[in-house]
Amino acid sequence: MDAGGCARAHGGRRGLPGGRRGARLIVRGALAILAKDLRIEWRTRESLASVFVLGVLLLVVLTVAHDPTPEAAPALAPAVLWVSFVFTGLAGIQRGFLLERENDCLAGLLTAPVDPADIYAGKLAANVVLLGATQAVVVPLAGLFLHADLWPVLPGLLAVLLLGNLGFAALATLFSAVAARTRARETLLPLLFLPLALPLLIGAVQATQAVLA
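Under the working numbering, the first residue of the sequence shown carries the number 773, and numbering increases by one thereafter.
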């Protein structure tokens, strides 16, 4: 075998374990961030409780404002659900970053031997979990208030919610990290997030409507 072939062969052998090792380190770092965020949320429960209350209040207000009939529920429920998810999700994600900003946790994370991609992936996973926890409360109440029988379509609805949560959290986590370092963070996050998330939200509403139809 020529020198070039030997170099390529040895490089390939070294590159594969290195790639696997790098992937394992990324997963390990992301899981550490995920566990930290969920542990903090479980200990305080402040953010989750406020998001639950906000979600229920939004659901009640939107439902009472439209006074849906059983026939109109499939058309109305998707918009009501995703409006509630947007406001509660943004509030919860932004609050998580603000708490870390106030306690200088973000500075500590950036100085830790963890890749920024790990931090983003861990926070993304934590936000998806928290969104799912909020939806576990809001969705059954929406079915009750809107006179919609969600049980037969539950598998399809869960799939739509999971995909929507991934897209929602991916954008919201990124822009929350950007907005947390500014003075106008409370107003900057919606301004950055909503224009780019609009196609995602329209698709989520249409997919939810197709599942409920």
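C-beta atoms are modelled at their ideal positions from N, C-alpha and C, and glycine is treated no differently. None of the values given here were measured: they were computed from a predicted structure.
When the distance is taken between beta carbons, is N899 closer than 8 angstroms to T945? On the sequence shown, residue 945 is found 173 positions in, with the first residue counted as 1. On the sequence shown, residue 899 is found 127 positions in, with the first residue counted as 1. It is a contact, given that the beta carbons lie within the stated cut-off.
Nearest-angstrom Cα separation, counted from T883 out to F859: Within the sequence shown, residue 859 is the residue found at index 87, counting from 1. Within the sequence shown, residue 883 is the residue found at index 111, counting from 1. For F859 and T883, the distance between alpha carbons rounds to 32 angstroms.
Can you give the Cα-Cα distance for P888 and T816, rounded to whole angstroms? The residue given as residue 888 occupies position 116 in the sequence shown. The residue given as residue 816 occupies position 44 in the sequence shown. Looking at the two C-alpha atoms, the distance is approximately 25 angstroms.
Go through its chain and collect everything with a Cβ distance to R820's Cβ below 8 angstroms, but skip five positions before and after it. On the sequence shown, residue 820 is found 48 positions in, with the first residue counted as 1. Checking the sequence, you will find Leu at residue 820 rather than Arg. Excluding sequence neighbours, L820 sits near E813, G864, L902, A905 and T906.
Rounded to the nearest angstrom, how far is the Cβ of L943 from that of F965, given a contact under 8 angstroms? Residue mapping note: residue 943 aligns to position 171 of the sequence shown, counting from 1. Residue mapping note: residue 965 aligns to position 193 of the sequence shown, counting from 1. The Cβ separation is near 6 angstroms, so the contact holds.
Just the C-alpha distance for V977 and A949, rounded to the nearest angstrom, thanks. For the purposes of this step, residue 977 is taken as residue 205 along the sequence shown, with counting starting at 1. For the purposes of this step, residue 949 is taken as residue 177 along the sequence shown, with counting starting at 1. So the two alpha carbons sit approximately 26 angstroms from each other.
What are the boundary residues of the alpha helix (DSSP H) that D890 is part of? Residue mapping note: residue 890 aligns to position 118 of the sequence shown, counting from 1. Annotation: the continuous alpha helix (DSSP H) that includes D890 extends over P888 to F917.
Ordered along the chain, which non-local residues of its own chain (more than five positions away) have a Cβ less than 7 angstroms from that of A851? Sequence index remark: in the sequence shown, residue 851 carries index 79 (1-based). For A851, same chain residues with a beta-carbon under 7 angstroms away, outside a window of 5 residues either side, are V977 in chain order.
Out of curiosity, what's the CA-to-CA distance linking K895 and V799? Counting from one through the sequence shown, the residue named residue 895 turns up at place 123. Counting from one through the sequence shown, the residue named residue 799 turns up at place 27. Taking C-alpha positions only, K895 is separated from V799 by approximately 12 angstroms.
Determine the contact status of A802 and A956, defining contact as a CB-CB distance below 8 angstroms. Walking along the sequence shown from the start, residue 802 turns up at place 30. Walking along the sequence shown from the start, residue 956 turns up at place 184. Between A802 and A956, the CB-CB gap reaches or exceeds 8 angstroms.
Assuming V910 and S856 are in contact, meaning their beta carbons sit under 8 angstroms apart, how far apart are those beta carbons, in whole angstroms? Against the sequence shown, residue 910 aligns to sequence position 138. Against the sequence shown, residue 856 aligns to sequence position 84. With a Cβ gap of about 6 angstroms, V910 and S856 count as contacting.
When the Cα atoms are used, what is the spatial distance from R867 to L970? Residue mapping note: residue 867 aligns to position 95 of the sequence shown, counting from 1. Residue mapping note: residue 970 aligns to position 198 of the sequence shown, counting from 1. Whole-angstrom Cα-Cα distance: 22 angstroms.
My guess is that L806 and T980 are in contact by the Cβ rule of under 8 angstroms, so how many angstroms apart are they, rounded? Here residue 806 refers to the residue found at position 34 when the sequence shown is read from its first residue. Here residue 980 refers to the residue found at position 208 when the sequence shown is read from its first residue. That belief does not hold up - the Cβ atoms of L806 and T980 are roughly 27 angstroms apart, past 8 angstroms.
Count the other C-beta atoms from every protein chain shown that fall within 10 angstroms of the C-beta of G776, then say buried if there are 16 or more, exposed otherwise. Here residue 776 refers to the residue found at position 4 when the sequence shown is read from its first residue. In this predicted model, G776 has a pLDDT of only 39, less than 50, meaning its place in the structure is not dependable enough to derive any value.
Spatially closest choice to L960 from L862, A837, G880 and I974, by CA coordinates: Along the sequence shown, read from residue 1 onward, the residue named residue 960 stands at position 188. Measuring from the Cα of L960, the nearest candidate turns out to be L862.
Going by alpha carbons, who is nearest to A914 out of G880, E872 and A847? Position 142 of the sequence shown, counting from 1, holds the residue named residue 914. The residue with the shortest Cα to Cα distance from A914 is A847.
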